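Novice: Take this structure, written in structure tokens, and hold onto it; I'll ask about it next.
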DNA sequence: TCATTCTATGTCATATGTGACATATCGTCA
DNA sequence: TGACGATATGTCACATATGACATAGAATGA
């Protein structure tokens with residue numbers, strides 16, 4: 011993963027999938043990104059659900075606010091492992107994660123195709 | 011992740027979950043490991059389905075035989091990202107992955123509790 | 001027995017991810 | 001306006017994952 015524009019575009023609310031051929035993304039790359047974005051959004055949703063700030067969540071995860079921000083932004087520098095283990099620490103079940111992964115990005119995107 | 015005995019035990023066919031308190035594993039750690047094992051097994055299943063050797067699969071993935079072996083063995087050194095992207099390259103869909111993740115290890119384990 | 005093929009395991013240099021820090025942006029309230 | 005809290009972004013030292021290589025074990029066939 012190199013291109014950073016990608017994540018920015020997507021985090022900015024693009025309908026994911028629309029940027030596929032735009033950059034040289036393979037189907038697999040695209041799918042992986044979608045899955046990660048699904049997890050990112052789940053993470054933010056759960057955090058807000060619990061009424062936590064990024065700082066508070068970072069404490070629970072024994073991480074830092076900046077990393078939490080990056081997780082939620084779908085930054086290419088965050089691994090799926092980190093997203094998943096964070097969600098698990100927030101109480102998500104395997105079934106929850108499966109849903110996030112399968113559904114990819116759920117939030118009604120602006121610019122929807 | 012540090013302990014390597016863990017993966018060995020599990021790869022050896024233990025009913026996953028039975029080793030939980032045995033080592034100092036949190037629920038989250040355990041869940042993550044289960045998910046990874048589910049993916050590992052899916053990978054092996056798909057490879058065999060296609061009649062590929064580990065060497066052949068490694069070529070497709072632009073990786074090496076040893077890493078494929080480690081992926082399939084559930085070695086702690088392999089990331090979820092690698093497992094997932096490998097499965098995607100093998101043609102798995104998001105739904106397939108969701109299933110593997112949700113179900114964790116599927117194979118009827120010996121030593122079942 | 002020896003070859004051959006496939007898989008497992010250990011090690012290493014390099015690539016990538018991570019937490020931490022600084023700093024910027026944004027919104028809200030006085 | 002300024003101050004405050006929350007979030008975003010860039011950078012860096014250190015940790016971990018990765019591909020590659022060597023080598024060992026296991027299974028099969030001659």
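Protein chains in written order, with our numbering: chain R, 11 to 123; chain S, 11 to 123.
Don't be surprised by glycine CBs; every beta carbon is placed ideally from N, CA and C.
Only a predicted model underlies this, so the values are computations on that prediction, with no experimental measurement involved.
1) Residues in the stretch 94 to 107 of chain R with C-beta within 7 Å of chain S's C-beta atoms, listed in sequence order?
2) Evaluate the contact criterion for the stretch 48 to 62 of chain S versus the stretch 78 to 96 of chain S: three or more CB pairs, one atom per stretch, below 8 Å.
3) Taking the CB atoms as reference points, tell me whether residue 57/R and residue 67/R lie closer together than 7 Å.
4) What residue from 78/R, 104/R, 103/R has the CA that sits closest to residue 92/R's CA?
5) Could you check whether the Cβ of residue 68/R sits closer than 7 Å to any Cβ belonging to chain S?
6) Step through the CB atoms of chain R and report whether any lies within less than 7 Å of the CB of residue 42/S.
7) If you draw a straight line from the C-alpha of residue 64/S to the C-alpha of residue 113/S, how long is it?
8) So for residue 89/S, helix, strand or coil by DSSP?
9) Let me make sure I understand the geometry here. Which of 96/R, 60/R, 86/R has the alpha-carbon closest to that of residue 74/R?
10) Which bits of chain S does residue 79/R rub up against, with CB to CB less than 9 Å?
11) Within 10 angstroms of the Cβ of residue 40/S, are there 16 or more other Cβ atoms? Answer buried if so, exposed if not.
12) Please report whether the beta-carbon of residue 76/R lies at a distance below 7 Å from any beta-carbon of chain S.
13) Can you grab the Cα-Cα spacing for the pair residue 89/S / residue 61/R, in whole Å?
14) Taking the C-alpha atoms as reference points, what is the distance between residue 54/R and residue 36/R?
15) If the cut is a Cβ gap below 8 Å, which residues of chain R does residue 112/S touch?
16) Going along chain S in order, which residues have a C-beta closer than 8 Å to the C-beta of residue 91/R?
17) How about residue 55/R: is its C-beta nearer than 7 Å to some C-beta of chain S?
18) Would you kindly check if the distance between the Cβ of residue 108/S and the Cβ of residue 111/R is under 7 Å?
19) Can you give me the C-alpha to C-alpha distance between residue 86/R and residue 106/R, rounded to a whole angstrom?
20) Taking only the alpha-carbon atoms, compute the straight-line gap between residue 102/S and residue 45/S and give it to the nearest angstrom.
21) Keeping to the same chain, check which residues put their C-beta closer than 6 Å to that of residue 100/S; ignore five residues upstream and five downstream.
Specialist: Answer, in terms of the structure:
1) Along the stretch 94 to 107 of chain R, going in chain order, the ones with a CB nearer than 7 Å to a CB of chain S are 94, 95, 98, 99, 104, 105, 107.
2) By the Cβ test, the stretch 48 to 62 of chain S is in contact with the stretch 78 to 96 of chain S, since at least three Cβ pairs between them sit closer than 8 Å.
3) yes
4) 78/R
5) no
6) yes
7) The alpha-carbon atoms of residue 64/S and residue 113/S are separated by roughly 24 Å.
8) coil
9) 96/R
10) Here the premise fails: no neighbours, minimum Cβ distance about 20 Å.
11) buried
12) Any Cβ of chain S closer than 7 Å to the Cβ of residue 76/R would place that residue at the interface, and such an atom is absent.
13) 31 Å
14) 27 Å
15) 104, 105, 107, 108
16) 42, 89, 90, 91
17) no
18) A contact, by the Cβ cut-off of 7 Å.
19) 22 Å
20) 16 Å
21) Taken in chain order, the residues that qualify are 56.
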